[in-house]
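Trainee:
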Amino acid sequence: MNKPWRFFLIVESLIAILVLWQLIQNFPVLLLSAFGAALMFLGQKSKKTRKWSNGPFLLGFMIFCFSILNLPAVWFMLIFAVLFIGLKGLEISGLSLKKTKFHLKKEMVIVEGTDSIDHSGQIKKQTLFGNQRIGNHIYEWDNMNLLVASGDTIIDLGNTILPKGQNIIVIRKGIGRTRILVPSGIGIHLDCSIFAGKVIFKEEKIELWNERLSLYSKDYQQTTRKIKIISNTIVGDIEVIEV
Numbered sequence: 001m002n003k004p005w006r007f008f009l010i011v012e013s014l015i016a017i018l019v020l021w022q023l024i025q026n027f028p029v030l031l032l033s034a035f036g037a038a039l040m041f042l043g044q045k046s047k048k049t050r051k052w053s054n055g056p057f058l059l060g061f062m063i064f065c066f067s068i069l070n071l072p073a074v075w076f077m078l079i080f081a082v083l084f085i086g087l088k089g090l091e092i093s094g095l096s097l098k099k100t101k102f103h104l105k106k107e108m109v110i111v112e113g114t115d116s117i118d119h120s121g122q123i124k125k126q127t128l129f130g131n132q133r134i135g136n137h138i139y140e141w142d143n144m145n146l147l148v149a150s151g152d153t154i155i156d157l158g159n160t161i162l163p164k165g166q167n168i169i170v171i172r173k174g175i176g177r178t179r180i181l182v183p184s185g186i187g188i189h190l191d192c193s194i195f196a197g198k199v200i201f202k203e204e205k206i207e208l209w210n211e212r213l214s215l216y217s218k219d220y221q222q223t224t225r226k227i228k229i230i231s232n233t234i235v236g237d238i239e240v241i242e243v
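Numbering-wise, the sequence shown is residues 1 to 243 according to full-length UniProt numbering.
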């Protein structure tokens, strides 16, 4: 068994323990689920000859499912399983990040200034699944608010000009790795919450387990252009690279 699936089973086992703990703490749900399980058992035992009654079994199954779905940990277990299996399916289909390479080498590009554009009321389509890279070409800066279910994301700020003051990137992600390339001379404030993963910030690696971390670059207060990165990730790493 490879490491990703071993990690998946370990996380699911830990969540299953949390499900049992929540079930014990919630007596009405425990009683209702036990009643549903008893009906399923009686439905299977009530067979005569070769036929058995589907009524009690189906009723017990529905009662059992509706009761345990009242536990938050059960929903978290299901969401984690769907996201993980979806991400593995994308890798099997050939959309792995290994095919998405990027280089830190930069070239001098002269950007011609234009009048600012009013972005009020714009609707942008989100890419929920799959790997994506933002900033392959020169683009006008606008604060980012990304929602990603699963996949790896690269955000390159080297092909845009950040306005003076504070600029914001918000990333909410289920599973996947996030890399943000920030030009030197930009003040960085990283505020991230991760259930399971690590933060790589200027050669510093920090493991997080259901924790929140806030980091500032040393020159944050002195710089005129700043970027605030807010990241919420269930499973995955976030890396900030100064280029």
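Virtual Cβ for every residue (Gly too), placed ideally from N, Cα, C.
For Asn167, collect the residues of the same chain with a Cβ closer than 8 Å to its Cβ; drop the 5 residues on either side in sequence, then sort them by chain order.
Mentor: Trp141, Asn143, Arg225, Lys226, Ile227, Lys228
Trainee: Please name the residue, chosen from Asn232, Val74, Lys45, Pro56, that lies closest to Lys173 on a Cα-to-Cα basis.
Mentor: The shortest C-alpha to C-alpha distance from Lys173 to any of Asn232, Val74, Lys45, Pro56 is the one to Asn232.
Trainee: Quick one: give me the first and last residue of the alpha helix (DSSP H) that Leu181 is part of.
Mentor: Unbroken run through Leu181 is the beta strand (DSSP E), 178–182; no alpha helix (DSSP H).
Trainee: Excluding five sequence neighbours on each side, which residues of the same chain lie with their C-beta closer than 7 Å to the C-beta of Phe201?
Mentor: Same-chain partners within the cutoff: Leu190, Leu215, Val240.
Trainee: What residues are listed by DSSP as bridge partners for His189?
Mentor: Per DSSP, the beta-bridge partners of His189 are Tyr216, Lys228.
Trainee: Check the C-beta distance from Leu87 over to Ile17 and give it rounded, since I have them as a contact under 8 Å.
Mentor: So it is not a contact: roughly 24 Å between Cβ atoms.
Trainee: Take Pro56 as the anchor and find which of Leu69, Cys65, Met40 has the nearest alpha-carbon.
Mentor: Met40
Trainee: Sort Trp21, Asn136, Ile10, Ser150 by Cα distance to Gly158 and report the nearest one.
Mentor: Asn136
Trainee: Could you give the distance in angstroms between the alpha-carbon of Ile194 and the alpha-carbon of Leu208?
Mentor: The straight-line gap separating the alpha-carbon atoms of Ile194 and Leu208 is approximately 6 Å.
Trainee: Quick check: the stretch 65–78 against the stretch 20–29, are there 3 or more CB pairs under 8 Å?
Mentor: yes
Trainee: Could you have a look at Ile161 and say whether DSSP puts it in helix, strand or coil?
Mentor: coil
Trainee: Note down, one range per segment and in chain order, each alpha helix (DSSP H) of at least 4 residues found wholly within the stretch 30–79.
Mentor: 54–68
Trainee: Over the uninterrupted beta strand (DSSP E) stretch that includes Glu242, give me the two end residues.
Mentor: Glu242: member of the beta strand (DSSP E) spanning 238–242, first to last residue.
Trainee: Based on the DSSP output, what are the partners of Gly130 in its beta bridges?
Mentor: Its beta-bridge partners do not exist; DSSP assigns none.
Trainee: Are the Cβ atoms of Asp237 and Gly197 separated by less than 8 Å?
Mentor: Going by C-beta atoms, Asp237 is nearer than 8 Å to Gly197.
Trainee: For Trp141, which three-state DSSP category applies?
Mentor: coil
Trainee: Out of Leu9, Val11, Gln44, Ile63, state which residue places its alpha-carbon closest to the alpha-carbon of Ala34.
Mentor: Ile63
Trainee: Does the beta carbon of Glu211 come closer than 8 Å to any beta carbon on chain C?
Mentor: Absent from the structure: chain C. Only one protein chain is present.
Trainee: Need the endpoints of the beta strand (DSSP E) that Asp156 sits in, please.
Mentor: 153–156
Trainee: Thinking C-alpha only, which one of Gly187, Arg177, Ser217 is nearest Ile154?
Mentor: Ranking Gly187, Arg177, Ser217 by CA distance to the CA of Ile154 puts Arg177 first.
Trainee: Output the distance between the C-alpha atoms of Ile180 and Glu203, rounded to the nearest integer angstrom.
Mentor: 14 Å
Trainee: If you reduce the DSSP assignment to three classes, tell me which class Ser96 lands in.
Mentor: Residue placement at Ser96 cannot be trusted, given a pLDDT of 47 that sits under 50; the coordinates are not used to answer.
Trainee: Based on Cα-Cα distance, which residue from Gln222, Ile171, Thr160 lies nearest to Ile188?
Mentor: Ile188 has its Cα closest to that of Gln222, out of Gln222, Ile171, Thr160.
Trainee: Round the Cβ separation of Gly60 and Ala81 to the nearest angstrom and send it over; I've been treating them as touching at under 8 Å.
Mentor: With a Cβ gap of about 24 Å, Gly60 and Ala81 do not count as contacting.
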